[in-house]
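Q: The structure is given below, and queries will be raised subsequently.
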Amino acid sequence: MTLLKTYITDFINNNIMPLGVTVIGIALIMVAFALILGTQRMKEWAKGHIFEIIIGGALLYTATQWAKDFAAAFKF
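Residue numbers (numbering that gives the first Met the number 0): 0 to 75.
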C-alpha cells in the first residue's frame, strides 16, 4: 500500500502539476497580450476570462493536495 501512495504522489507531482502550471502560464500570457495589444473585443474577452484562469489554477492546486491527503488518510 505504501507503494501505491508513492505512485499516486509521484504521478501528481511529475505529471499533473507541471502540465497544469504550463497551461495556466500560457493562458495568462494570452490574457496579458490581449489586454496590452488587443482590440476592445479582445480586452473584454480577457477581462472575462482572467477570473476563470485564477479559479482553475486554485482548483488544480487544491485537487492535487486533496489527492495526496486522500492517499495519506487511507494509509495507501
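Glycine is no exception: its CB is placed at the ideal position from the N, C-alpha and C atoms.
Please report the straight-line C-alpha distance between threonine 63 and isoleucine 11, rounded to a whole angstrom.
A: One-based indexing of the sequence shown puts residue 63 at position 64. One-based indexing of the sequence shown puts residue 11 at position 12. So the alpha carbons of these two residues sit roughly 7 Å apart.
Q: Would the C-beta of lysine 46 count as close to the ligand MG, meaning under 7 Å from any of its heavy atoms?
A: The ligand MG is not among the ligands present in this structure, which contains no ligands whatsoever.
Q: If you measure between the beta carbons of threonine 8 and lysine 67, is that distance less than 8 Å?
A: Start at 1 with the first residue of the sequence shown, and residue 8 comes out as number 9. Start at 1 with the first residue of the sequence shown, and residue 67 comes out as number 68. For threonine 8 and lysine 67, yes; Cβs fall inside 8 Å.
Q: Here's the rule: buried if 16 or more other CB atoms are within 10 angstroms of the residue's CB, otherwise exposed. What is valine 30?
A: Translated into positions along the sequence shown, residue 30 becomes position 31. Valine 30 counts as buried, since no fewer than 16 other beta carbons sit within 10 angstroms of its beta carbon.
Q: Tell me which residues share the same chain as glycine 56 and place their Cβ nearer than 7 Å to its Cβ, disregarding the 5 neighbours each side in the sequence.
A: Indexing the sequence shown from 1 puts residue 56 at position 57. So the list reads Ile23, once near-sequence residues are dropped.
Q: Classify alanine 72 as buried or exposed, calling it buried when 16 or more other Cβ atoms lie within 10 Å of its own Cβ.
A: What you label residue 72 is simply residue 73 of the sequence shown in a count that begins at 1. Exposed, by the Cβ-count rule.
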